[in-house]
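J.: Let me begin by handing over the structure; questions about it come next.
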Amino acid sequence: MASDLIQTVTDANFNEAVQGDKPVLVDFWAAWCGPCKMLAPVLDDLAGEVSDKLTIGKLNVDENPATAQKFGVMSIPTLLVFKNGEVVKTLVGYQNKNQLLDKLADVL
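full-length UniProt numbering puts the first residue of the sequence shown at 1, with every later residue one more than the last.
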């Protein structure tokens, strides 16, 4: 993981990871996914700016298929934003930093 501000989310720790006072953005990704690789540095940069308002986690869909299946993740990258364990926003595909900030403005 490139950033200390981004947590690794797994099937085992998922329910705990999406709870808390702050909204949690979970990036569903895979090592073979080109757009996922493009998104990784964007999320690292974003984490440095908004870590006081938003927790960012990454879930590898190949290693953690149960959670991806539970939320119907069919395309990656998929970004799900959780508040109190509930999905409040879904973003699919690569987003640049400005697009992400714009689309996340209501949860930040």
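In this text, a Cβ means the ideal position worked out from N, Cα and C, and glycines have one as well.
This structure is a prediction, so every number in the text was calculated from the model and none was measured.
1) May I have a chain-ordered list of the alpha helix (DSSP H) segments no shorter than 4 residues that lie completely inside the UniProt domain "Thioredoxin" (1 to 108)?
2) Return yes when the Cβ of L43 is within less than 9 Å of the Cβ of K58, no when it is not.
3) When the Cβ atoms of the stretch 86 to 100 are set against those of the stretch 61 to 69, are three or more pairs found closer than 8 Å?
4) Return the CA-CA distance between C36 and V18, expressed in angstroms with no decimal places.
5) Excluding sequence positions up to five away, which residues of its chain have a Cβ less than 8 Å from the Cβ of residue 151?
6) Using the beta-carbon count (16 or more within 10 Å), is D21 buried or exposed?
7) Select from V24, T78, N15 and E49 the residue whose C-alpha is nearest the C-alpha of G34.
8) Is the Cβ-Cβ distance between K97 and P23 less than 9 Å?
9) Which same chain residues end up closer than 6 Å to A68 when comparing Cβ atoms and leaving out the 5 residues on each side of it in sequence?
10) For my contact list, A31 and I6 are in at a C-beta cut-off of 8 Å; report their separation, rounded to the angstrom.
T.: Looking at the coordinates:
1) Runs of the alpha helix (DSSP H) inside the UniProt domain "Thioredoxin" (1 to 108): 14 to 17, 34 to 50, 65 to 70 and 97 to 104.
2) Closer than 9 Å, so yes.
3) Counting Cβ pairs under 8 Å, fewer than three are found: no touch.
4) When rounded, the distance between both Cα atoms is 20 Å.
5) No statement about residue 151 is possible, as the shown extent of the chain runs from 1 to 108 and does not include it.
6) Per the 10 Å Cβ criterion, exposed.
7) Ranking V24, T78, N15 and E49 by Cα distance to G34 puts T78 first.
8) Result no, Cβ atoms of K97 and P23 do not sit closer than 9 Å.
9) Cβ neighbours of A68 beyond the five flanking positions: F28 and V61.
10) The beta-carbon distance between A31 and I6, rounded to whole angstroms, is 15 Å. This is too long to meet the 8 Å contact definition.
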